[in-house]
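The structure appears right after this line, and notes come after that.
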Amino acid sequence: MKGVQRAPQQSVKEENDMTHPLLSQEHIDTYQRDGVVLIKGLFSDHIAAIRDGIDRNMAIPGPYAAENLKAGEGGRFFDDYCNWTRIPEFEQVIRTSPASEVAADLMQSRRVQLFHDHVLVKEPGTSKPTPWHQDGPYYFVQGAQNVSFWSPMDKVTQASLRCVAGSHLWQKPVVPTRWMSQTNFFPEDDAYMPVPDPDAEGMDIREWDMEPGDAVAFSFGILHGARGNQTTRRRRAFSLRLVGDDARYVTRPGPTSPPFPGHGMQAGDRLRDDWFPFVFER
């Protein structure tokens with residue numbers, strides 16, 4: 001008796017070969033190797049919506065909003081996060097932009113969950129840089145499949161994001177600090193390394209001139225910062241943090257940022273999808 005012929009199943013590799021038109025295999029290889037890559041035009045069709053959302057966010061800040069300048073420091077450095085549920089423009093961009101599909105390709109993940117959004121605005125004449133830091137140690141999520149998109153809504157030359165290539169593979173993470181006081185989030189712990197000085201140490205820093213809607217994609221483990229904005233232009237940036245199949249809740253030795261109080265998750269749990277919705281699935 002002849003055996004039943006079955007249609008060949010599509011392999012994971014074949015599925016992942018169907019990359020978004022904004023990407024090439026070189027983008028994916030660079031992201032997997034270096035932890036950071038530039039994606040031209042990721043949000044180019046959503047600039048007006050994001051700008052409107054940032055205006056709304058700054059007019060009505062959320063509970064986590066911060067002004068990151070001390071008395072006497074010029075300009076304004078505003079940031080706020082976790083506002084997509086109350087700012088419709090942000091939710092629209094998250095749901096309709098190609099960011100989640102591009103994230104799936106870069107992370108090599110079947111599914112993509114939203115972690116949170118983040119707005120960072122440096123007004124003209126803001127000399128204060130964004131301190132060097134890794135995002136991962138602030139978060140309660142663990143896993144290799146993750147990506148942050150940082151996208152300016154204004155042309156940037158001097159105030160662009162700066163990322164240390166390969167730092168997501170360091171043996172120890174960098175200790176998270178409070179930006180204003182420069183004190184550590186966690187008590188002294190040998191599991192973390194002090195914040196390095198990438199310029200003084202000659203590290204491989206990636207930095208680009210960017211047009212509105214371009215995006216730097218970088219791993220939660222990438223050491224990054226930004227220069228001050230001493231130009232005559234605003235520097236409004238929208239960030240989107242996404243996670244993939246291997247994301248799990250993890251405890252930290254101190255508070256996390258964002259805190260998401262009352263989440264109820266235990267170590268090793270998948271992120272609850274009623275709080276962190278799936279935004280793309282193959």
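In this note's numbering, the protein residues as written are 1 to 282. Heads up, the beta-carbon is just placed ideally off N, CA and C, and yes, glycines get one too. These numbers come from a predicted model, not from an experiment.
Roughly how many angstroms separate the alpha carbons of residue i and residue j, rounded to a whole number?
| i | j | result |
| --- | --- | --- |
| I205 | R248 | 29 angstroms |
| K13 | Q32 | Residue confidence is low: K13 scores 42 on pLDDT, short of 50, so the model does not pin down where it sits. Its coordinate-derived value is still stated next. Roughly 15 angstroms between the two C-alpha positions. |
| M210 | Y81 | 22 angstroms |
| L271 | A66 | 26 angstroms |
| M265 | G143 | 16 angstroms |
| R162 | V279 | 27 angstroms |
| S97 | T256 | 28 angstroms |
| I60 | R252 | 31 angstroms |
| V121 | H27 | 27 angstroms |
| G244 | G72 | 42 angstroms |
| N184 | P194 | 10 angstroms |
| V156 | D214 | 10 angstroms |
| G136 | R233 | 30 angstroms |
| M153 | R110 | 29 angstroms |
| G62 | K172 | 33 angstroms |
| F260 | F140 | 9 angstroms |
| E281 | K70 | 44 angstroms |
| V37 | G254 | 31 angstroms |
| H263 | P212 | 35 angstroms |
| T30 | W208 | 15 angstroms |
| R236 | H224 | 17 angstroms |
| N68 | D274 | 31 angstroms |
| P187 | V174 | 13 angstroms |
| A165 | G53 | 31 angstroms |
| S127 | M107 | 34 angstroms |
| I87 | R56 | 7 angstroms |
| T85 | D45 | 21 angstroms |
| A191 | W132 | 18 angstroms |
| T19 | S100 | 12 angstroms |
| P124 | T231 | 6 angstroms |
| W179 | R95 | 31 angstroms |
| A226 | D197 | 13 angstroms |
| I222 | S167 | 5 angstroms |
Ends of the alpha helix (DSSP H) at residue i?
| i | result |
| --- | --- |
| E26 | 25-34 |
| P88 | 88-96 |
| S100 | 99-107 |
What is the residue span of the beta strand (DSSP E) that residue i lies within?
| i | result |
| --- | --- |
| L120 | 111-122 |
| G53 | First-last for G53: 47-59, but that is the alpha helix (DSSP H), not the beta strand (DSSP E). |
| W150 | 146-152 |
| V279 | 278-281 |
| V243 | 235-243 |
| Y81 | 77-81 |
| T130 | 130-133 |
| H224 | 224-226 |
What do you get for residue i, buried or exposed, if any count of 16 or more other CB atoms within 10 angstroms of its CB means buried?
| i | result |
| --- | --- |
| L169 | exposed |
| G35 | buried |
| D246 | exposed |
| K40 | exposed |
| Q25 | exposed |
| T177 | buried |
| E89 | buried |
| D79 | buried |
| Q9 | In this predicted model, Q9 has a pLDDT of only 38, less than 50, meaning its place in the structure is not dependable; the value taken from the coordinates is given anyway. Classification for Q9: exposed. |
Please indicate yes or no: does the CB of residue i lie closer than 7 angstroms to some heavy atom of the ligand MN?
| i | result |
| --- | --- |
| P61 | This structure lacks the ligand MN; in fact it carries no ligand of any kind. |
- Message: Quick check: the region 232-249 against the region 106-120, are at least 3 beta-carbon pairs closer than 8 angstroms?
- Response: Touching, yes, given that three or more Cβ pairs across the two stretches are closer than 8 angstroms.
- Query: At which residue ranges does the region 165-220 contain complete alpha helix (DSSP H) runs of 4 or more residues, listed in the order of the chain?
  - Reply: The alpha helix (DSSP H) runs lying completely inside the region 165-220 and spanning 4 residues or more number zero.
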